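Since the structure comes first, as structure tokens, the remarks are kept for the end.
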Amino acid sequence: MTQENNQKATSSKNNGFFYQLKIILGVAFVLASLFSMWTPGIKTQVNSWEGVNLEPVPTKLEIKNENDSPALTPSVGIVAGHWGNDSGAVCSDGLTEAEVNLNIATIVQKYLVEEGFEVDLLKEFDEDLAEYNATALISIHADSCDFVNNLATGFKVAQAMANKRPERTTRLTACLRNRYTEATGLPLHSTSVTEDMTSYHAFSEIDEGTPAVIIETGFLNLDRQLLTQTPEIVAQGIASGIICFIRNESITATPEAFSQ
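Heads up: take any position in the sequence shown, counting from 1, add 3, and you land on the working numbering.
Okay, here's the thing in structure tokens:
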């Protein structure tokens with residue numbers, strides 16, 4: 004009996020040992036399984052970003068530095084003042100501001116297209132002005148045909164009194180003033196900027212992110228010869244100002260003249 008009891012005791016101890024070993028191995032197996040289940044998930048999550056471009060998508064307004072062109076083709080809106088709506092100023096011989104504006108705007112469009120830009124030629128109250136989104140919008144006008152005095156000569160550029168992109172609009176204004184003076188030789192007649200210019204209707208119609216200005220190219224009295232007989236020079240000044248803005252050129256540099 005004693006030997007048999009000893010054998011049973013030994014067997015019981017062995018069974019207990021193997022039972023504990025099975026538990027330990029079982030726990031290890033479960034942990035290993037859980038780890039292997041989670042590991043592929045993490046790897047899949049990381050790999051799911053492979054090939055995805057995390058860089059910000061460039062916009063028409065993004066310019067990396069002073070010597071770079073925009074990442075995408077810039078688009079420009081050119082409003083021919085009064086076109087499609089009314090005559091604007093009317094001179095004694097029948098010349099209208101609207102036809103002068105349209106002629107200049109058409110040449111500006113031609114110059115900018117030759118530079119590789121996308122250009123929309125727009126009417127005064129063009130339906131496309133609603134939420135119009137572009138690199139820049141410029142509305143072209145001319146001043147009165149009436150003789151005021153010998154000082155009624157020159158041009159003026161105005162921006163909205165309040166806009167969402169003041170730094171860019173101010174830059175566009177500065178470029179236009181600089182390049183237009185250099186091309187035409189006309190002085191800036193800033194003292195005659197009116198509320199009609201700073202509250203120009205298109206400013207409140209276009210997309211709030213589009214820098215926009217209005218330019219009065221000169222007086223149809225004392226500056227008439229320049230505006231009507233050499234519109235290419237006038238258009239050169241406007242186009243050069245737009246290019247200065249888009250390419251972030253220095254406003255102290257002398258722009259290259261367009262080939263006539």
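Note that the Cβ used here is the ideal one computed from N, Cα and C, for glycine as well. Treat the numbers as computed from the prediction; the structure is a model and nothing was measured.
Each of 88, 226, 247, 236 was checked against the Cα of residue 158, and the nearest Cα belongs to 226. Here residue 247 has 178, 182 as same chain residues with Cβ atoms under 6 Å from its own Cβ, once five neighbours each way along the sequence are excluded. DSSP places residue 199 in the helix class (H, G or I) of the three-state scheme. For the pair residue 100 and residue 85, the Cα-to-Cα distance works out to about 8 Å. Taking C-alpha positions only, residue 214 is separated from residue 175 by approximately 7 Å. Residues 182, 183, 186, 187 of the same chain have their beta carbon placed closer than 6 Å to that of residue 240, with the five preceding and five following residues left out of the count. A contact is defined here as three or more CB-CB pairs under 8 Å, and the region 150-164 meets this definition with respect to the region 192-212. Annotation note: the region 183-246 contains the following uninterrupted alpha helix (DSSP H) runs of length 4 or greater, listed N- to C-terminal: 198-201, 227-232. Residue 93 and residue 87 have their alpha carbons spaced roughly 15 Å apart. Looking at the DSSP output, residue 93 shares a beta bridge with 99. The region 127-134 makes no contact with the region 107-117, as fewer than three CB pairs between them are under 8 Å. By the criterion of a C-beta distance shorter than 7 Å, residue 170 is surrounded by no residue of its chain, once the five residues flanking it on both sides are discounted.
In the displayed model, residue 75 falls within coil according to three-state DSSP, outside both helix and strand. A residue is called buried once 16 or more other Cβ atoms fall within 10 Å of its Cβ, and residue 229 is buried on that count.
Distance from the CA of residue 173 to the CA of residue 243, rounded to the nearest whole angstrom, comes to 16 Å. Nearest C-alpha to residue 145 among 233, 250, 219: 219. Beta-carbon to beta-carbon, residue 79 and residue 245 are separated by about 6 Å, close enough to satisfy the 8 Å threshold. Taking the Cα positions, residue 233 is about 25 Å away from residue 249. Annotation for residue 121: 76, 77, 78, 79 place their beta carbon closer than 8 Å to its own, counting only its chain and skipping 5 residues before and after.
Put simply, of 254, 201, 83 the residue whose alpha carbon is nearest the alpha carbon of residue 141 is 83.
Less than 8 Å separates the beta-carbon of residue 189 from that of residue 221. Only residues of its own chain outside the window of five on either side were considered, and among them 81, 83, 108, 109, 112 have a CB closer than 7 Å to the CB of residue 124, listed in chain order. The continuous beta strand (DSSP E) containing residue 146 extends over residues 139-146. Beta-bridge analysis with DSSP links residue 81 to 124, 141.
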